[in-house]
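Using my numbering, read the sequence shown as starting at 50 and increasing by one per residue.
Note that the Cβ used here is the ideal one computed from N, Cα and C, for glycine as well.
To start, the structure itself, in structure tokens.
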Amino acid sequence: MELIFGLFAGLAAGSVFALLGAGLVIAYRGSGVINFAHGSVAAYAAFTWDELRDMPGETGIGNEGGSIYLPWFDPIPEWGFLKALHINNLPVEIHIMTDPPAWLAMIITLAMSAFIGLLMHFLVFRPLRNSPMLAKVVGSVGIMLYLQAVALLNFGAANRADDGFWVFNSTSEPIANFIGMDDKNLPRSTPYLALSAIIIGAIAWAIYRYTRFGLATRAADENEKGATLLGYSPQFLAGLNWVISSVLAGLAGVIFLHKTMPNQLNLYVVSALAAALVGGLTSIPGAILGGLGLGAFASMGVSATSYSWWPEWLPVDGVRAFAPVLVVILVLYFRGHKLPIRGTVGLGRQPRAPATKHPMVGVGVGVVIALVMSNIFISKWESTLTMTLVAILAMLSLVVLLGFLGQISLVQWTLAGVSSFVLIRLASDGIKVRPMDFFVVWGPGLPDPIAALGGVVAAVLLGLLIGIPALRIRGVQLAVVTLAAIVAIEDLLMRNRPLMGTAAHTMNPTPKPKWFGQYVGALDEQSNQTDYWKYTVFAIIVVALAGIFVVNLRRGIIGRRFLAIRSNERAAAAAGVNVARTKMLGFGVSSFLAGLAGMLVAYKMPMVTSEFFSPFVGLAMIAFVYLGGITTVWGAVLGGMLVGGGLLSEFGSLHFEGITQAYINAVGGIGLVVNAVLTSGEGISLTITNQAKALVATMRGTTQNHGEKEELVSVEEENV
């Protein structure tokens with residue numbers, strides 16, 4: 050009976066999965082893009098609704114309510130000399146009226162969602178319509194980061210809890226003795242949520258099944274050129290579909306707000322993707338049924354954990370998070386080849402991946418600069434330097450996997466977290482490490498180099514396991530699998546106390562590492578210095594060696610095989626490249642570098658939490674390395690300096706009052722999209738290189754050709 054009740058109780062969560070999944074189907078059919086920012090649109094709509102309905106005296110950020118915040122931020126902050134200029138800043142807040150009725154607040158919220166959908170189409174996905182799939186995925190990730198940052202700037206850091214409205218109310222009297230269970234009370238909103246999802250899905254299905262607009266959308270989905278010849282504008286249809294998709298996301302955010310909080314909606318896109326895949330990315334009824342079924346399936350799994358036979362090492366949160374991962378993997382593995390591919394006119398070229406001719410010169414200069422900063426600047430800058438080094442190392446793993454091999458994996462930063470947590474468990478011996486520690490972690494107490502090796506090996510094995518689906522699926526489908534894996538790994542492994550130790554769910558105490566008799570940890574307890582100089586030198590050595598390794602990997606035959614697979618898998622196989630083995634090698638190398646980054650994190654901090662390796666931090670890593678240059682080592686260096694906590698971002702925060710991390714992420718999201726549109730993803734590093742070469746050529750009176758050779762295996766022998 051517990052399982053039966055869990056089945057019905059899960060329909061509440063399943064309804065939001067269904068609505069979000071239907072919106073993803075509509076966006077995909079209209080433009081051929083899987084929108085990873087769909088949950089962020091729902092979250093912004095939920096914040097907008099709550100801000101409109103926020104009454105005086107109620108808990109919330111606003112004091113009067115009745116205001117909306119436009120989806121952008123003020124680009125002219127009032128600091129420094131700008132205060133004296135009295136420049137009219139960009140309007141952000143608009144007060145509508147105090148205490149607006151629910152129907153008006155709903156209309157305004159849905160209008161805001163539609164406006165966001167139009168902006169996404171015209172500013173991002175329309176310019177990227179002929180770009181490679183990586184650019185489109187990164188564009189949607191940039192929107193996700195941007196909307197999260199703007200929501201933080203406009204609505205504050207506090208989450209919201211809304212009482213709901215009508216029958217969608219958390220305080221409504223529950224349905225007592227549900228289906229004869231004396232001790233089970235079902236929330237009254239649950240059947241209404243499920244019914245609402247079914248009705249809204251039926252209306253959307255009817256629109257696309259029986260109207261001229263729906264027929265035109267299906268025609269453009271199959272063949273854009275054919276739809277154009279019939280007199281339909283594919284871009285107009287795409288814009289309208291983005292509006293409808295965003296409105297559905299707004300509906301999900303508002304209706305479901307009393308059951309969750311806006312910030313939690315950001316990652317609901319994982320379950321929504323699973324629901325959309327059940328519908329084959331084409332069927333709205335399939336997405337609705339898939340979402341409801343997924344919610345019921347996950348809830349049944351949670352109910353099963355209450356039985357005595359359930360294994361202790363499989364936690365409740367892990368079961369809930371693993372359900373969408375299982376659905377995604379099964380659907381893509383068995384039906385991935387049947388999923389539709391939009392009939393676009395053509396795709397742009399991949400970003401260049403030039404080989405570096407003299408890598409030791411650049412590495413030497415970088416090491417000297419890092420050593421100077423570690424010994425001359427104040428402790429704050431040394432801490433920022435080491436954070437930059439950690440980010441660079443993590444981004445090098447992305448350069449190998451995304452830049453060289455072309456596999457769109459979003460999970461690398463999470464693998465760094467697994468490495469860090471496994472290292473802590475292996476190095477622990479049941480003795481309190483520091484007086485400040487809240488927990489004592491039991492473990493085998495292995496020597497620190499062996500424990501670090503164990504953490505890296507764990508990251509490599511998990512990375513290879515995640516890479517197995519890449520043998521059958523690729524592109525955006527692989528991105529979906531890895532995004533789902535991020536959430537599952539965090540709840541199923543990293544927060545798993547039986548596996549990772551008693552402190553895995555909170556502040557996990559790190560060891561005091563010694564390598565060959567030398568202390569290489571960051572915390573110097575005698576001087577209370579946050580980053581001990583030996584740790585800084587250790588991190589510089591590790592990152593420098595990793596950079597040299599990646600440069601030589603690109604210059605060698607393995608790097609050329611990676612690029613051949615990125616360009617065309619079938620052609621690479623015809624040329625004698627073992628595609629499956631080379632892909633697994635790429636996943637292994639990338640996971641190895643990510644594991645090293647996790648080791649540096651464990652040595653840098655006295656305590657580590659799973660939030661440090663949150664999915665949004667990992668997505669920010671991808672965003673900034675793409676901005677710096679996803680195909681070069683110097684792109685990883687620039688990305689590490691730009692990311693939150695990096696040298697450039699901390700410099701801006703220190704010297705310009707009011708420039709917070711939210712501003713940096715918002716600007717980074719914009720820069721990410723601009724980079725994808727204007728430079729085909731080549732990033733700042735290659736753009737600067739091209740301009741420098743053009744300047745030198747102009748001074749010499751010669752012409753500079755930036756074209757690349759189109760070869761199969763021995764490709765892109767350009768120097769940078």
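Taking one beta carbon from each stretch, the region 473-481 and the region 523-537 have fewer than 3 pairs nearer than 8 Å; the two do not touch. For Y317, there is no enclosing alpha helix (DSSP H), since its DSSP letter is neither H nor E. Short of 7 Å from the beta carbon of R749, and not among the five residues preceding or following it, lies no beta carbon of its own chain. Using a Cβ-Cβ distance cut-off of 8 Å, the region 676-694 and the region 633-641 are not in contact, since fewer than three pairs of beta carbons, one from each stretch, lie closer than that value.
Judged by beta-carbon spacing, A92 lies within the 8 Å limit of G302, meaning their Cβ atoms are closer than that value. Residue pairing by DSSP places I117 opposite I143 in a beta bridge.
In the structure shown, F214 falls within a strand segment according to DSSP collapsed to helix, strand and coil. In this structure, the beta-carbon distance from S663 to S180 does not fall below 8 Å. With at least 16 other beta carbons inside 10 angstroms of its own, Y675 counts as buried. Here DSSP, grouped into helix, strand and coil, assigns K563 to strand. G608 and T709 have their C-alpha atoms spaced approximately 39 Å apart. Within the model, the alpha-carbon separation for M161 versus L687 is close to 35 Å. Fully contained in the region 654-728 are the following alpha helix (DSSP H) runs of length 4 or more, in chain order: 664-677, 682-691, 696-704 and 710-727.
Under the DSSP assignment, T239 falls in the alpha helix (DSSP H) whose first and last residues are S238 to Y259.
A direct Cα-Cα distance of roughly 42 Å separates G667 from R261.
Annotation: P560 to V482 spans about 7 Å, alpha carbon to alpha carbon.
Pairwise C-beta distances place the region 720-737 in contact with the region 173-189, as three or more of them are shorter than 8 Å. Between A404 and R603 the beta-carbon gap is near 6 Å, inside 8 Å, which marks them as a contact. For T405, there is no enclosing alpha helix (DSSP H), since its DSSP letter is neither H nor E. In the structure shown, P181 falls within a coil segment according to DSSP collapsed to helix, strand and coil. Nearest Cα to F371 within the set L703, L167 and G344: G344. Annotation for A623: the continuous alpha helix (DSSP H) segment containing it runs E618 to A623.
About 7 Å separates the beta carbon of G718 from that of A672, a gap short enough to meet the 8 Å contact definition. Taking the Cα of F54 as reference, the smallest distance to any Cα among L572, V628 and L235 is reached at L235. The beta carbon of M633 sits closer than 7 Å to the beta carbons of L513 and G516 from its chain, once the five residues preceding and following it are set aside; these are given in chain order. The C-beta separation of M656 from P558 comes to about 6 Å, placing the pair in contact by the 8 Å criterion.
In the structure shown, L235 falls within a strand segment according to DSSP collapsed to helix, strand and coil. Around the C-beta of W491, fewer than 16 other C-beta atoms lie within 10 Å, and the residue is accordingly described as exposed. Beta bridge pairing from DSSP links Y568 with K563. The three-state reading of DSSP puts D573 in strand, counting E and B together.
The beta-carbon separation of L450 and Q456, rounded to 5 Å, stays under the 8 Å limit for a contact.
When C-beta atoms of the region 272-290 are compared with those of the region 62-70, fewer than three pairs fall below 8 Å, so the two segments do not count as touching. With a cutoff of 8 Å on beta-carbon distance, T158 and T97 are scored as near each other. Across the structure, Y259 and G250 are spaced so that their CA atoms are roughly 14 Å apart.
In this structure, the straight-line span from the alpha carbon of T658 to that of P283 is close to 47 Å.
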